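Numbering (our numbering), first residue to last: 25 to 651.
Now the structure itself:
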């Protein structure tokens, strides 16, 4: 299986092909996995993420553009601006499809252009063009300068000013986390533009069409992917999260908000929704379309509603709609922004530092967002992210971040596996990179007890490997959630059957043996459960069993871990802020903290890592990773 990558040096203007062996491609397939392998091989240790020496990779997978469900996604990988470890960010839209149709599976970008530039990848030709006239424009204005047929990734003022959590924008989709926009800004790279007309190969078209049809029907029948997400978007989780007392509120000083319903998916659908939409080839269509000042725009996702809403003490959705759009124009990650703003508000609450920002007072936030993006006083400090601010003002105990990356909108103190997932996720405090075990502990149809630590290390390892397999092969992560049998949703929350299944999951013996025996332990395909390996086989011709699929995810997780270890991130950084491990979420329930110390060693044993969190030679050999 052959892929084509371009190696581009912005400093010199040199463009050459980058060669990858078929064996390596078969091990990592594409996406974040293959990009992590390239970064690990090519980037010298200790490089400043915002220096010209950093490498930025945009890439796809063999499934991108084939029409397989939810496979229009592309990946960006670099050294993480916030953590110093691995950075990977995933995005929908048409950019990745048009990159492949232009004749390239990925781009490796080095150096720094002497002046603002655009990278043009058009029908097999790559050119670097002067973009000085685009510098200073917002993301919408920038994209409007290019023909609508093109796929674009662009930055706004936040990326130009190297705000550490600046994002990159493609259409209305966002490469949101880890400072991808800041890395582009540091390279004077305003835009990457793609277009092509080449056809994309599918090994077995007839079987592929049949399997896709079956899978689409299954996704439509599943309540999560066929009903809840299309009807309410990701914000349908708001009321569930609030009911389970895991909604970060007032910088995680509280875990629920009495008015959370006013920023829920149900409320948005009733009062603001014009229609739903979705990515190319997506049968789920979870995107919200709303009106703002007479213009139809993309509505906020759950994470934005939670972190710019309840976490700031704001439950007026009109404000959040405005801030979400403002952030997209400026190129700011709403998640890191929300947590950083909430930290600033608590600093004011404690009388430590007054930024003019206070909980439940939305009036100054729009001004703060604008000034953060442009690094203007007094908000230029907040452009550095919550970890930097907390370090300066001795506030690390209540800065809600891990390794420097701000946590998502799920408080883990009543979701133990999620707490472990945050602590061990390779890109920092990320629920998705952590495996999203909160779906079992609170959000989904199986009622896993979120308070117990029993079985949580094994569940976290399984989910992290699964999510990395799904992501590196180019599928939307929601396709994994759509794999649970629809019949499970017929039971009432926390009734006998969901609780029984939850108890079975966490009562299983340690899965240490499971990963030792991969992939031979699961030499089967289970298309009614996880169709992903079957679709990979249809497209590439590469045999892919369920065991091989899960092992691919494990391989990706381990090579990202190796990158982090090399950059100095080990057991000491697999931690949580003091608030989450010592301050109970419920004052009358002192046990509602994350018991990380009771799970971490077990987690390492299951992964076959040392007690310092370093992958063992045996494990690396098993996975085919040369260290």
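Ideal placement from N, C-alpha and C gives every residue a C-beta, glycine not left out.
The structure displayed is predicted, hence computed values, not measured ones.
- With fewer than three CB-CB distances shorter than 8 angstroms, the segment 317-326 does not count as touching the segment 94-113.
- In this structure, the alpha-carbon of residue 139 lies about 27 angstroms from that of residue 114.
- Less than 8 angstroms separates the beta-carbon of residue 506 from that of residue 249.
- Non-local beta-carbon contacts of residue 459 in its own chain, meaning distances under 6 angstroms to residues more than five positions away in sequence, involve 445, 484, 487, 488, 491 in chain order.
- As computed with DSSP, residue 565 is found in no beta bridge at all.
- A Cβ-Cβ distance of about 5 angstroms is found for the pair residue 462 and residue 439, placing them in contact under the 8 angstroms criterion.
- In its chain, beyond the 5 residues on either side, 296, 298, 321 have a beta carbon closer than 8 angstroms to the beta carbon of residue 315.
- The Cβ atoms of residue 397 and residue 73 lie no closer than 8 angstroms to each other.
- Excluding residues up to 5 positions away in sequence, 33, 34, 35, 76 lie with their Cβ nearer than 6 angstroms to the Cβ of residue 135 in the same chain.
- When the five nearest sequence neighbours on each side are left out, the beta carbons in the same chain lying within less than 7 angstroms of the beta carbon of residue 549 are those of 557, 558, 569, 570, in order along the chain.
- Following the DSSP letters along the chain, one finds residue 127 in no beta strand (DSSP E), marked with neither H nor E.
- Taking 4 residues as the shortest admissible run, the segment 548-636 contains the following complete alpha helix (DSSP H) segments, listed from N- to C-terminal end: 556-564, 570-590, 602-606, 624-631.
- Under the DSSP assignment, residue 251 falls outside any alpha helix (DSSP H); it carries neither an H nor an E label.
- Two segments are said to touch when three or more pairs of C-beta atoms, one from each, lie closer than 8 angstroms; by this definition the segment 360-370 does not touch the segment 303-319.
- With a cut-off of 8 angstroms on Cβ pairs, the segment 209-224 is in contact with the segment 141-160, counting three or more such pairs.
- The beta-bridge partner set that DSSP reports for residue 193 consists of 178, 198.
- Runs of the alpha helix (DSSP H) lying entirely within the segment 296-383 and spanning at least 4 residues, in chain order: 326-331, 341-354, 358-373.
- For residue 41, there is no enclosing alpha helix (DSSP H); the enclosing beta strand (DSSP E) covers residues 39-42.
- A contact between stretches requires three or more CB pairs, one per stretch, nearer than 8 angstroms, and the segment 393-410 fails this requirement with the segment 234-243.
- Within the model, the alpha-carbon separation for residue 209 versus residue 448 is close to 29 angstroms.
- Excluding five sequence positions before and after residue 590, the CB atoms of its chain that fall closer than 7 angstroms to its own CB belong to 69, given in chain order.
- The beta-carbon separation of residue 582 and residue 643, rounded to 7 angstroms, stays under the 8 angstroms limit for a contact.
- Residue 538 has no beta-bridge partner at all, per DSSP.
- Among the bridge pairs identified by DSSP, residue 144 is matched with 151, 217.
- Residue 103: member of the beta strand (DSSP E) spanning 98-103, first to last residue.
- Using a C-beta cut-off of 8 angstroms, the segment 282-289 makes contact with the segment 246-260, since at least three inter-stretch Cβ pairs fall below that distance.
- Secondary structure at residue 79: coil, using DSSP grouped into helix, strand and coil.
- Contact between residue 337 and residue 383 holds: CB atoms are separated by about 4 angstroms, below the 8 angstroms threshold.
- If you draw a straight line from the Cα of residue 598 to the Cα of residue 585, it comes to about 11 angstroms.
- DSSP links residue 61 through a beta bridge to no other residue.
- Taking C-beta atoms as the reference points, residue 53 and residue 542 fail to come closer than 8 angstroms.
- Contact between residue 345 and residue 272 is ruled out by a C-beta separation of about 20 angstroms, above the 8 angstroms threshold.
- DSSP places residue 473 in the coil class of the three-state scheme, outside both helix and strand.
- In this structure, the beta-carbon distance from residue 472 to residue 619 does not fall below 8 angstroms.
- Taken atom to atom, the span from the alpha-carbon of residue 293 to that of residue 90 is near 32 angstroms.
- Residue 419: not part of any alpha helix (DSSP H); DSSP gives it neither H nor E.
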